[in-house]
Every structure is written in C-alpha cells, then in structure tokens.
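Q: What follows is a single structure, and I will ask about it in a moment.
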Amino acid sequence: MGDSAGLHLKAVTDTKFDLVSLGEVMLRFDPGEGRIVGARNFRVWEGGGEYNVARGIRRCFGLRSAIVTALVDNPVGRLVEDLMLQGGVDLSHVLWQPFDGIGREARNGIYFLERGFGVRGGLGMMDRGVTAISQLKPGEIDWDAIFAAGVRWFHTGGVMAALSEGSTEVVREAMQAAGRHGTVVSFDCNYRPSLWKARGGRQGSVDVNRSLMPYVDVLFGHEGDVAATIGPASLSAPWHTLDSYGPMASRVVADFPNIKVIASTVRQAVTANTNNWGAYGWANGQVYEGMKLHDLEILDRVGGGDSFASGLIYGLMEGKGMQWSVHCGVAHGALAMTTPGDSSMATIPEVERLMSGGGAGTQR
Numbered sequence: 001m002g003d004s005a006g007l008h009l010k011a012v013t014d015t016k017f018d019l020v021s022l023g024e025v026m027l028r029f030d031p032g033e034g035r036i037v038g039a040r041n042f043r044v045w046e047g048g049g050e051y052n053v054a055r056g057i058r059r060c061f062g063l064r065s066a067i068v069t070a071l072v073d074n075p076v077g078r079l080v081e082d083l084m085l086q087g088g089v090d091l092s093h094v095l096w097q098p099f100d101g102i103g104r105e106a107r108n109g110i111y112f113l114e115r116g117f118g119v120r121g122g123l124g125m126m127d128r129g130v131t132a133i134s135q136l137k138p139g140e141i142d143w144d145a146i147f148a149a150g151v152r153w154f155h156t157g158g159v160m161a162a163l164s165e166g167s168t169e170v171v172r173e174a175m176q177a178a179g180r181h182g183t184v185v186s187f188d189c190n191y192r193p194s195l196w197k198a199r200g201g202r203q204g205s206v207d208v209n210r211s212l213m214p215y216v217d218v219l220f221g222h223e224g225d226v227a228a229t230i231g232p233a234s235l236s237a238p239w240h241t242l243d244s245y246g247p248m249a250s251r252v253v254a255d256f257p258n259i260k261v262i263a264s265t266v267r268q269a270v271t272a273n274t275n276n277w278g279a280y281g282w283a284n285g286q287v288y289e290g291m292k293l294h295d296l297e298i299l300d301r302v303g304g305g306d307s308f309a310s311g312l313i314y315g316l317m318e319g320k321g322m323q324w325s326v327h328c329g330v331a332h333g334a335l336a337m338t339t340p341g342d343s344s345m346a347t348i349p350e351v352e353r354l355m356s357g358g359g360a361g362t363q364r
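Take full-length UniProt numbering: the final residue in the sequence shown is number 364, and no numbers are missing along the way.
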C-alpha cells in the first residue's frame, strides 16, 4: 500500500489487529492546577508510554489496536480496565494476577503528576514497585498465537524494558516472535532515569537498547539512546538540526542495518506551558523535517511523544509516505498536549486541519 518507507506491512484483510502494544498501564493521579502535597482531590486517568500509542491509533485514527499488559485483579486494576475500555483498545490479552489483600506480591502501578506552569516545571512521582507486569517472565505470554492471528505492527519501548530484567526478556521474546510472523516492530527508547537507577543508569539503558535493536524496524529515539559509548558528545549532539540528523541516522543504521525508519521529536521548553515543538524523521537515506510549532501552548505535556509516534505509525500504515507521516505525528502530538491526561483526545479532521495550517478559531 503506497509509500511505507521500505516497511513490508501485511494487508489489512489478513490481520486481526493493525497494532499491538506491550507495556505497563498505570493509574495517574492529577491534582489539576494545584500541587501534589496540598491536593485534596485528584482526577484519574490511565496511561503508559506503550499503551498511549495503542490508544491513539484506536481513538484518533480509528484503527484496530490491542494492549498486552498485566494488572492485579482488585478495584484499582478494574478502574484501570474501565478507563481503557473507554479508550477502545482491545483488552483480550490483559493478564490478571490475583490480589493478596495488601499488595505485597503484586500491585498496580500508580503515579502522581503536577503539570507545572510558567517557570515552575512539571513534577512526576512514580509508585510502581513490584507491579504485576514487572514480574512477567518469558514464556507466560503465547506470542506466537498473538502474531499468528495477524498483526500488522508491534510497538513497545524502553519503559517496558526497564521495569525489570524479566521485562527486558519479555520484550525480546515478543520482538523475536513478531519478526517470525512478519510483523513490523517499533521501539521507543523513552529513557526514564528513575527506572534505570538500579540498573546502571543511562549506560545500562543503552546496553539493553543495543541488545534489542537487531529486532527493530522503526526506532523512536536518537543516537544517545544507542551510542556504543556514552559520553558528553553523544548526550549533547545537535539532533535538532536538519544537517546533523542525517549523519546521526547513518551512524545508527551502520550499527543496526535492519532499522528502516528513525524518528525523533524536538522540544524546547520556553516555559512549562510554552514549548517549541517539532520532529525529524529518516528513511531510505533521506531526512524529513516535520512542521515546526513555535510557542505552542501546553496544557499537559505528558503523552506528546507517544501521540507523535501513533501519528507517524498511522501515516506509514496507511501508505501516506514519510513526509506526511512526520507532519501527522507532530500535529497529533501537539493536539494531545492541549488536553488533560496522557492520551490523545484529537480527531483525524483536527490533525489534518493543523497539518494544513489551520488556526485555533472555533469550528461551527
């Protein structure tokens, strides 16, 4: 179907799902305009890097998506399920673990997030120790059965891989199964310092990422996520310039020639609620620059990168070409950051209107 940047996608008619994601889904507590320490009320949302992509693919772009995750079977887990049901993502591959009454054996992950405003940056606090999904081990999910049913695209990332050593191996197992069944694999490096603190920090994440890269077709990240040696140069390289992106991508592909597409968002935080936002992509030896949004007003920045990923994936799955897909990702990510919660509330017409230069006037 059209230009898919060198990716070989299965036909829609031969598949059950357009996209399957693997990752943790947590319950987010949002104090709104206030701060965590003084809050008396919280609004709750479901969220997780890999899940957000599946939800965007389903709710904004209308494609068929599923999430593979694990939850503890208690009222909190069922609340997360109820929120996911509203998102429309297929939940037939959710693994339910028994509740021991106090959460000593397994828990559902939660996190608290202040959005920040002006000179006060956002603040996130995770509470995700011994979660059900972090305790998954290889062999507990029948990946061959999932992919044999027909899946066009599989997405996971560095958050899932970071949860535990077992999680890393579950990611590897899933990627290998996807490859055996001809499913396109994408991986979002999504480095989280808090998750890697006990596993070697940045270098630990790079080592894991590099071990997984041979199974990746589409990489969301940059050279610092997979550089053989982590040093000042690899962490401060100017990925946000058009001239530097091509050489960066070439170095990554020289190490991992299986990677066909690389995409990276670019964000400059002027204040907590005003960002410059854009992206670059690479495919077939060519660099693609996404639309640039200067002084973008941010309501809730969490999930912007995930919505970029789902927009780009949608474009490539629909054969719209790399340039269109990068623009779509930027527009979808921008719109996702204008609404509360991790997930997109945008529609395809809204995304396409922003892509075409439409303004913020009221539509009647």
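Heads up, the beta-carbon is just placed ideally off N, CA and C, and yes, glycines get one too.
1. Enumerate in chain order the residues of its own chain whose CB-to-CB distance from G179 is below 7 Å, with the five nearest sequence positions on each side excluded.
2. When you compare only the Cα positions, how much space is there between S21 and R267?
3. Could you give the DSSP three-state label for T142: helix, strand or coil?
4. Name the residue from V37, G319, G157, D342 whose alpha carbon lies nearest to the alpha carbon of G304.
5. From D90 to S65, what distance separates their C-alpha atoms?
6. Hey, which unbroken runs of the alpha helix (DSSP H) at 4 residues or more fall wholly within the segment 61 to 132?
7. Pick from L113, Q135, W153, D127: whose alpha carbon is nearest that of Q97?
8. Apart from the five residues on each side of it in sequence, which residues of its chain come closer than 6 Å, Cβ to Cβ, to D306?
9. Is there contact between the segment 276 to 290 and the segment 311 to 323, where contact requires at least three CB pairs shorter than 8 Å?
10. Counting beta carbon pairs with one atom in the segment 135 to 149 and one in the segment 165 to 177, are three or more of them shorter than 8 Å?
11. Mapping DSSP to helix, strand and coil, what is residue 376?
12. Under three-state DSSP, which class holds D217?
13. Assign E223 to one of two classes, buried (16 or more other C-beta atoms within 10 Å of its C-beta) or exposed (fewer than that).
14. What are the start and end residues of each continuous alpha helix (DSSP H) run of 4 or more residues lying completely inside the segment 234 to 283, in chain order?
15. What residue range is occupied by the uninterrupted beta strand (DSSP E) comprising Y288?
16. Within 10 Å of its beta-carbon, does K292 have 16 or more other beta-carbons around it, so buried, or fewer, so exposed?
17. How about the segment 81 to 95 and the segment 112 to 119: do they share at least three Cβ pairs that are nearer than 8 Å?
18. Cα separation between N275 and N190?
A: On the basis of the data shown:
1. Translated into positions along the sequence shown, residue 179 becomes position 179. Answer for G179: V185, Y215, listed in chain order.
2. By 1-based counting over the sequence shown, the position of residue 21 is 21. By 1-based counting over the sequence shown, the position of residue 267 is 267. If I take the Cα positions, the gap works out to 25 Å.
3. Against the sequence shown, residue 142 aligns to sequence position 142. The displayed chain sequence assigns Asp, not Thr, to residue 142. DSSP places D142 in coil when its eight states are reduced to three.
4. Along the sequence shown, one-based indexing puts residue 304 at 304. When only C-alpha atoms are compared, the closest one is D342.
5. By one-based count along the sequence shown, residue 90 stands at place 90. By one-based count along the sequence shown, residue 65 stands at place 65. Taking the straight line joining both Cα atoms gives about 6 Å.
6. 75 to 87
7. Translated into the one-based positions of the sequence shown, residue 97 becomes position 97. Per the Cα distances, Q135.
8. Here residue 306 corresponds to residue number 306 of the sequence shown, with the count starting at 1. G49, N52, V53.
9. yes
10. yes
11. This structure does not reach residue 376, given that the chain is present from 1 up to 364, and the question cannot be answered.
12. Working through the sequence shown from its first residue, we reach residue 217 at position 217. The answer is coil: DSSP assigns D217 none of H, G, I, E or B.
13. For the purposes of this step, residue 223 is taken as residue 223 along the sequence shown, with counting starting at 1. Buried, by the Cβ-count rule.
14. 242 to 255
15. Looking up residue 288 in the sequence shown gives position 288. Its beta strand (DSSP E) spans residues 286 to 289.
16. On the sequence shown, residue 292 is found 292 positions in, with the first residue counted as 1. Looking at its Cβ environment, which holds fewer than 16 other Cβ atoms inside 10 Å, K292 is exposed.
17. no
18. Within the sequence shown, residue 275 is the residue found at index 275, counting from 1. Within the sequence shown, residue 190 is the residue found at index 190, counting from 1. Answer to the nearest angstrom: the Cα atoms are 19 Å apart.
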